[in-house]
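Novice:
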Amino acid sequence: MVELKSPAEVAAMGVTGAFIADLLDDVAARADVGVNLLDLEERARELITERGAQSCYWDYSPSFGRGPFRNVICLSVNDAVLHGLPHDYVLADSDLLSMDIAVAIDGWVADSARSVIVGTPRAEDQRLVAATEEALSAAIDAACPGGRIGDISSAIGAVAAAHGYRVNTEFGGHGLGRTMHEDPHVANVGRAGRGMTLRPGLTLALEPWFTLGSERIKFDADGWTIRSFDGSRGAHSEHTIAVTEGDALILTTNGRG
Numbered sequence: 011m012v013e014l015k016s017p018a019e020v021a022a023m024g025v026t027g028a029f030i031a032d033l034l035d036d037v038a039a040r041a042d043v044g045v046n047l048l049d050l051e052e053r054a055r056e057l058i059t060e061r062g063a064q065s066c067y068w069d070y071s072p073s074f075g076r077g078p079f080r081n082v083i084c085l086s087v088n089d090a091v092l093h094g095l096p097h098d099y100v101l102a103d104s105d106l107l108s109m110d111i112a113v114a115i116d117g118w119v120a121d122s123a124r125s126v127i128v129g130t131p132r133a134e135d136q137r138l139v140a141a142t143e144e145a146l147s148a149a150i151d152a153a154c155p156g157g158r159i160g161d162i163s164s165a166i167g168a169v170a171a172a173h174g175y176r177v178n179t180e181f182g183g184h185g186l187g188r189t190m191h192e193d194p195h196v197a198n199v200g201r202a203g204r205g206m207t208l209r210p211g212l213t214l215a216l217e218p219w220f221t222l223g224s225e226r227i228k229f230d231a232d233g234w235t236i237r238s239f240d241g242s243r244g245a246h247s248e249h250t251i252a253v254t255e256g257d258a259l260i261l262t263t264n265g266r267g
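Numbering (our numbering), first residue to last: 11 to 267.
See the structure below:
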């Protein structure tokens, strides 16, 4: 079921989104050579507790995964492309770290992801991260009233193709609002003019993620961490947006990024 949000409800999601943007700024600034992923997890917990927010990940039990998720942020390093389980790992020079988090404040959810390079960047990783950001911008531009979900998917897929990246179709964007995952699903590749019509009040998490190699994936023994099948690195960018009467409104921003 797709629920359209009122302007007041969209504004409430924007409060959550601004907090998430601040949190990702903070965690990204701490992600440095020699820092343990568990320290970043702990910092995210501190910020969530201080704000009185609720983690959408804690106790999350989808059809995949092994048991409830008992962390508040996904931290995916190098070939770990999604749902990275924070663990005892010390960041090394040139690591590619993707951070993904969803929280609720006063019952309204926002979801965002960001990829950063630790220490000395590799040129191919910089291009990969930039491509996900370009695809996210194109997806937001395509989220116009009267358009179709397929317009968003097509915009993301076109950026991937232009850069020579393959696209995984198993995990993509989604609706959200009162809960972390709502209808509709938003694939990262598709045909323009297809799918449900975009209407003001529709709130979506758009999240292009690409790898340097195969679009196939595999799961770690922890049941959560998803890696590229061939060991190639991945990057992930995500914003929560609202379709309006005009341009889409980015909700996961604090005006500084």
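The beta-carbon is built from N, C-alpha and C at its ideal position, and this holds for glycine as well.
Bear in mind that the values here come from a model prediction, so they are computed numbers and not experimental data.
On the CB-based measure, 16 or more other CB atoms within 10 Å of its CB, does Ser108 come out buried or exposed?
Specialist: When all chains shown are included, Ser108 counts as buried.
Novice: Under 7 Å between the Cβ atoms of Arg124 and Leu34?
Specialist: Yes, the pair counts as a contact, with Cβ atoms nearer than the cut-off.
Novice: Using 7 Å as the threshold, is the C-beta distance between Ala153 and Ile162 below it?
Specialist: Going by C-beta atoms, Ala153 is nearer than 7 Å to Ile162.
Novice: Using the Cα positions of Gly77 and Thr221, report the straight-line distance between them to the nearest angstrom.
Specialist: Cα-Cα distance, rounded: 27 Å.
Novice: What residues are listed by DSSP as bridge partners for His306?
Specialist: Absent from the structure is residue 306, since the part of the chain shown begins at 11 and ends at 267.
Novice: Helix, strand or coil: which one does DSSP assign to Gly24?
Specialist: In this structure, Gly24 counts as helix in the three-state DSSP scheme.
Novice: Does the beta-carbon of Asp135, which I'm using as the reference point, lie nearer than 6 Å to any heavy atom of the ligand SAM?
Specialist: Absence of the ligand SAM from the depicted structure is noted, as is the absence of any ligand whatsoever, leaving it without description.
Novice: Over the uninterrupted beta strand (DSSP E) stretch that includes Gly183, give me the two end residues.
Specialist: Here the beta strand (DSSP E) through Gly183 covers 183 to 185.
Novice: Which runs of the alpha helix (DSSP H), 4 residues or longer, sit entirely within the region 50 to 99?
Specialist: The qualifying runs do not exist here; there are none.
Novice: Using the C-alpha atoms, what's the distance from Asp240 back to Thr207?
Specialist: Going by the C-alpha atoms only, they are around 37 Å apart.
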